[in-house]
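Heads up, the sequence shown is in our numbering, so the first residue is 1 and it goes up one at a time.
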Amino acid sequence: MHCITSPARRLRAIAAVTALIGLVGLSGCASFEGIGSDRKIAQPGDFATQRSLADPAQATAGQWPGSDWVRQFGDDQLVALIDEALTANPGLQQARARVAAAGAIAESRGAPLLPSVTADASFTRNQFSSTTIYPAPYGGNWYNDKKAMLNIGYELDLWNKNHAALAQAISNEKASQASEQEARLVLTAAIVSAYSQLATQYALHDILQRTVDQRAALQNITGERVRTGLDTQIERDQSRSSSADARAQLEQSEGQILLTRQQLGALSGRGPDRGLQLAPPQATRLVTPPLPAELPLNLLGRRPDIVAARWQVEAASQGIEVARARFYPDINLSAMIGFDTLLNNNPFTAASKSIAFGPAISLPIFEGGALRAGLKGEYANYELAVATYNRTLDDAYTDVARQIAQIHSSERQLPIRREALEAAERAFRLASERYRLGLVSQLTLLSAETAVLAQRQAMVTLEAARRDQQIALFKALGGGFEAGQAGLALSSPAPRSP
């Protein structure tokens, strides 16, 4: 062990290190020549959306979804169920665990930016051989080797490799946080959609129950007509068949209700029986929020999947900086101070003091193309992240446009469907009265009943579709997520092609 004590020697060492750094830096810059990318992330103006997202003249005074958008449907049981799911759903817990893991990685990436300090102490009982390099009186005798050392190390991050690695890890952590928000949104929308489906199934079940009751009454009327000679056994069998068919459809409806309840229980994270405990939701009490009066075209900070994809681009960009920095030498400063003795019983004396310090340089000279391959891989990751972001943005606008188009179509169909239902109900009432008086056949009555049943089911299904489209639109608009409020807004502009 030795220490550099002469000022002249220290100056010569520093000058040599500086010259070597400059020489290696020049060669390092040239070594990745020709590797790069011209890919750029898309901007909202790159997509044609004005006609698809334009608000029609008859738009109602709806509102942009806020963080409490579920409350707009007016069902407290639904709100409570979602609160449960956001706590207990295993899929969401997985997303939170991924965020915690990414945060731990970010913490570890920050460690190289600070000096490292370690302390070592040891006691070793040694007997030196008398037939090797140890002369008398050391050879053949026992000695106690006592050491106590304090070691300090610090890496000079001249090429920003460690800073870029930290920025990359932080970007990945931000991306995982945005992905967790996306998982929350997906889970919430899935529960609201399944709950709406359950309400629709109950509404259809009520229609089928009324149909069963009507056909049971028709069967009684037919029996009376057979006894009076107005109908034959053929009409009686037809009535029995139609009644049995209605009961079979009712049983099928109850099976679908059970499955949807179990699905809601599973989504809540409490098990399928949790869904069986829900009070039957009523479609007539579920409010369908109107279309928002304004639909801003800028979804960049509103949709968590876009924000996550954008942070992935940032992470890939920083990965390129890390790979570039590997072409340059690593320069580490180290120092050691402590006590080391074989002879003294007390090692903590001035004579036993040991000091060493100085720089260490690690220079890549020949690595078989590994560094260039690594840099090419990082550029490929960057281009993949850019393409993923661009596709996510394109899909987002398409998603919003599709939901708006479907909502407008449903709203145009609703008054027409109501008109058709009213006409079918009038025809059925008239056919029922005329059948009771013996003026029309059972076939005419069944035909009228089938028509009104189909119209009632179509009306309930259309109203449910309109509600489901609103749920999908709220999800497509980000469900009240705002990157700034969540601490996920990018403080820097979009990266240029590195």
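Idealized CB from N, CA, C, for every residue including glycine.
* Rounded to whole angstroms, what's the CA-CA distance from residue 329 to residue 154? Just pull it up for me. => 14 Å
* Between residue 182 and residue 103, which are expected to be in contact by the criterion C-beta below 8 Å, what is the C-beta distance as a whole number of angstroms? -> Contact doesn't hold; Cβ gap of about 18 Å is too wide.
* Asked: Comparing alpha-carbon positions, which option in 392, 368 and 145 lies nearest residue 125?
  -> 145
* **Residues of its chain near residue 392, where Cβ-Cβ distance is below 6 Å and the 5 sequence neighbours each way are ignored** => Taking C-beta separations shorter than 6 Å and ignoring five residues to either side along the sequence, the partners of residue 392 in its chain run 305, 306 and 309, following chain order.
* **C-alpha gap between residue 226 and residue 234, whole angstroms** => Cα to Cα, residue 226 sits roughly 9 Å from residue 234.
* Asked: Is the distance from the Cβ of residue 242 to the Cβ of residue 270 below 7 Å?
  -> Judged by their CB atoms, residue 242 and residue 270 are not nearer to each other than the 7 Å cut-off.
* Using three-state DSSP, classify residue 33 as helix, strand or coil. => Residue state for residue 33 is assigned as coil, using DSSP reduced to three classes.
* To do: Give the secondary structure of residue 107 by DSSP, where H, G and I count as helix, E and B as strand, and everything else as coil.
  => helix
* **Inter-stretch contact at 8 Å, needing at least 3 Cβ pairs: the region 412–425 / the region 195–208** => no
* **Cβ neighbours of residue 81 in the same chain (closer than 8 Å, five flanking residues each side left out)** => 191, 195, 264, 268 and 278
* To do: Return the CA-CA distance between residue 426 and residue 483, expressed in angstroms with no decimal places.
  => 54 Å
* **Endpoints, beta strand (DSSP E) assigned at residue 486** => From DSSP, residue 486 is part of no beta strand (DSSP E); its letter is neither H nor E.
* Short Cβ contact (7 Å threshold) for residue 115 with residue 152 -> yes
* Asked: What does a CB cutoff of less than 6 Å around residue 23 pick up in its chain, not counting 5 residues either side in sequence?
  -> Residue confidence for residue 23 is low, a pLDDT of 46 falling below 50, so the modelled location carries little weight; the figure read from the coordinates is stated next. Nothing listed; no residue qualifies.
* According to the neighbour-count rule (16 or more other Cβ atoms, all chains shown, within 10 Å of its Cβ), is residue 285 buried or exposed? -> exposed
* **Nearest-angstrom Cα separation, counted from residue 348 out to residue 147** => 9 Å
* Beta carbon of residue 340, beta carbon of residue 317: below 7 Å? -> no
* Asked: In three-state DSSP terms, what is residue 38?
  -> coil
* **For residue 343, the three-state DSSP class (helix, strand or coil)** => coil
* **residue 123: first and last residue of the uninterrupted beta strand (DSSP E) it sits in** => 116–127
* **residue 335 - partner residues in DSSP beta bridges** => 152 and 357
* In the structure shown, what three-state DSSP assignment does residue 89 receive? -> coil
* To do: Output the distance between the C-alpha atoms of residue 400 and residue 410, rounded to the nearest integer angstrom.
  => 15 Å
* Distance cut-off 6 Å: residue 213 Cβ against heavy atoms of the ligand SAH -> Of ligands this structure carries none, so the ligand SAH is not represented either.
* For residue 143, does the three-state DSSP call read helix, strand or coil? -> strand
* Under the three-state reduction of DSSP, which class applies to residue 253: helix, strand or coil? -> In this structure, residue 253 counts as helix in the three-state DSSP scheme.
* Asked: Can you list, in chain order, the residues of its chain whose CB lies under 6 Å from that of residue 480, leaving out five sequence neighbours each side?
  -> 65, 66, 67 and 69
* **residue 220 classed as buried or exposed, judged by whether at least 16 other C-beta atoms fall within 10 angstroms** => exposed
* Asked: By a C-beta neighbour count over all protein chains shown, 10 Å radius and 16 as the cutoff for buried, is residue 407 buried or exposed?
  -> buried
* Would DSSP call residue 25 helix, strand or coil? -> Here the model assigns residue 25 a pLDDT of 47, short of 50, so the residue's position is not dependable, and the following value carries that caveat. Residue state, collapsed to three classes: helix.
* 7 Å Cβ shell around residue 253 - same chain, five flanking residues per side excluded -> Hits under 7 Å: 201, 204, 205 and 208.
* Asked: With burial defined as no fewer than 16 other Cβ atoms inside 10 Å of the residue's Cβ, what is the status of residue 41: buried or exposed?
  -> Using a 10 angstroms sphere on the CB of residue 41, the tally of other CB atoms reaches 16 or more, which defines it as buried.
* Cα-Cα separation between residue 439 and residue 431, rounded to whole angstroms -> 9 Å
* **Residue interval of the alpha helix (DSSP H) (run including residue 212)** => Run containing residue 212: 161–227, per the alpha helix (DSSP H) assignment.
* Asked: Under the rule that 16 or more other beta-carbon atoms within 10 Å means buried, what is residue 239, buried or exposed?
  -> buried
* Whole-angstrom distance between residue 189 and residue 93, CA atom to CA atom -> 17 Å
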